[in-house]
Structures are given as structure tokens and as C-alpha cells.
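Residue numbers (the numbering used here): 288 to 517. Built from N, CA and C at the ideal position, the CB exists for glycine as well.
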């Protein structure tokens with residue numbers, strides 16, 4: 288996690304722009320639109336937002352464009368990312384902005400504190416099954432009844448044949464973006480840093496920890512937008 292934090296510490300400028308910062312994510316802009324619009328429609332009276340792995344604040348900013356005035360809690364490993372997120376979000380909201388520099392596995396998320404929890408490209412860093420269960424349970428408990436967790440993230444496949452196929456498709460996507468050197472660099476840090484779980488695994492986990500409704504909003508190759516309602 289220290290290596291991940293250091294990498295993001297030095298990449299603030301890129302992640303301050305959705306188009307350049309998320310270019311390696313298939314359908315990044317579409318997924319961002321879908322999870323924030325879904326959250327806005329599911330929680331029309333929302334007052335409090337938690338952004339898990341907030342980066343430079345793109346997800347919160349998009350949410351504020353739909354629900355202005357939210358009180359926003361920004362959670363991230365990287366202090367430079369948090370500083371930029373606070374700067375950008377504070378300029379766009381009259382609500383309270385709180386920055387928390389912690390790993391989501393260690394942060395105090397509280398009980399029934401938020402109406403909306405967003406997580407963009409963060410949960411795939413979780414490792415063993417126990418971590419996944421613990422974090423999903425804590426995110427569930429942090430929500431008020433009727434609140435929603437909306438996620439946009441890298442996902443795995445359940446069968447090795449399809450996993451290999453989608454890795455190939457994703458490699459082709461990266462090559463088209465920036466050539467083979469760019470492809471190899473992205474795939475190398477995915478292999479080192481990431482341990483995504485299949486979409487069905489995560490939806491089942493949401494049900495297990497208590498979410499009464501789960502939804503798939505979008506999936507393309509190895510990226511998906513999905514969520515649940517407490």
C-alpha cells in the first residue's frame with residue numbers, strides 16, 4: 288500500500304482531469320455519469336457523501352453537479368491527492384468538506400453517517416476475502432437506511448478462459464491508446480498492485496452484508512459500474 292500511495296502522490300495533475308487521469312479505464316466517463324446519476328435518483332434528499340479513494344475529487348465534483356450542497360467526506364491514502372480534492376471540491380460546494388488520509392480498511396467510517404458512498408477505482412486494491420467482507424460490511428454500516436453505495440472499478444472474471452480473453456481485449460484497448468510500451472506499463476502495475484474480484488462475487492457480498500437491493504449499471508470488458516441500496 289505504501290508503493291501505491293507513493294505512485295498516486297506523484298500523479299495528482301493527471302488525476303485532476305477525468306479524460307487524462309482515467310484514460311486507462313474503459314468507459315470511465317460513462318461509468319462516472321451512471322453511478323452519480325443513480326445515486327442522485329436513489330437518494331433525492333441526500334445531505335452527506337463519502338468518497339472512498341477520492342483521488343483528486345472527480346467523483347465528488349460530478350456528484351455535486353447533481354446534488355449541490357452535500358457535506359463531503361473525502362478519503363484517500365495520498366495527502367497530495369486529498370489536498371487537491373479539498374481545493375477543488377471546496378470551490379464548488381457550500382457544504383462541509385472533510386479530508387481523511389487513511390486506508391479504507393483502517394478508517395473510522397461511523398454508523399449511519401452517509402446517504403451516498405462512492406468508490407471509484409479503489410476497492411480492487413483489497414486483498415483476501417476477509418478484507419473484502421470487512422470493508423463491504425463497514426461501508427454498509429456507514430450508510431443510513433435507504434442510502435446507496437455506488438462503485439466504478441476493475442473487476443475479474445469467474446472463469447480462467449474468460450479472464451484470459453478479457454485481459455487480451457484490455458491489452459488491445461491499451462495498445463490502441465498508447466502503444467505496446469504503454470500497454471505493458473499499465474498491465475505491469477495492475478499485476479503488482481491490483482487484486483480485483485468478479486462482479487458476481489461483489490454483488491453476492493453486498494447481499495451478504497445486508498444490502499437489500501443490488502444493481503449492475505454497466506460492464507465493458509473488465510470494468511464495471513454497480514452498487515447497492517441499504
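Taking 7 angstroms as the limit between beta carbons, can you name the residues of its chain near residue i, skipping five residues before and five after?
i	result
residue 383	358
residue 329	435, 516
residue 389	362
residue 327	353, 354
residue 453	444, 508, 509
For residue i, which residues from the same chain have a beta carbon less than 6 angstroms from its beta carbon, with the 5 sequence-adjacent residues on both sides left out?
i	result
residue 503	513
residue 344	372, 375, 376
residue 338	346, 347, 361, 405
residue 490	501
residue 408	440
residue 462	470
residue 315	309
Hey, out of the options, whose CA is closest to residue i's CA?
i	options	result
residue 322	331, 505, 475	505
residue 451	508, 387, 365	508
residue 355	491, 334, 370	334
residue 399	424, 438, 511, 311	424
residue 369	455, 381, 341, 309	341
residue 350	433, 438, 468	438
residue 492	421, 475, 364	421
residue 332	309, 311, 431	431
residue 366	380, 385, 379, 448	385
Would residue i and residue j be called neighbours here (beta carbons separated by less than 9 angstroms)?
i	j	result
residue 404	residue 394	no
residue 346	residue 317	no
residue 441	residue 477	yes
residue 479	residue 401	no
residue 397	residue 429	yes
Might you give, ordered along the chain, the residues of its own chain that have their beta carbon closer than 8 angstroms to the beta carbon of residue i, omitting 5 neighbours on each side?
i	result
residue 277	Here the chain comprises residues numbered 288 to 517, so residue 277 is not present and cannot be evaluated.
residue 498	427, 436, 515, 516, 517
residue 313	457, 460, 507, 508, 509, 510
Opposite residue i in the DSSP bridges: which residues?
i	result
residue 283	One cannot answer for residue 283 here, as it falls past the ends of the chain, which runs 288 to 517.
residue 498	Answer is none; residue 498 lacks a bridge partner.
residue 385	360
residue 505	512
residue 404	337, 436
Verify the CB distance criterion: does residue i have a CB-CB separation below 9 angstroms to chain B?
i	result
residue 369	Among the chains of the structure shown, chain B does not appear; only one protein chain is present.
Counting pairs of beta carbons, one from the segment 477-488 and one from the segment 403-413, are three or more of them closer than 8 angstroms?
yes
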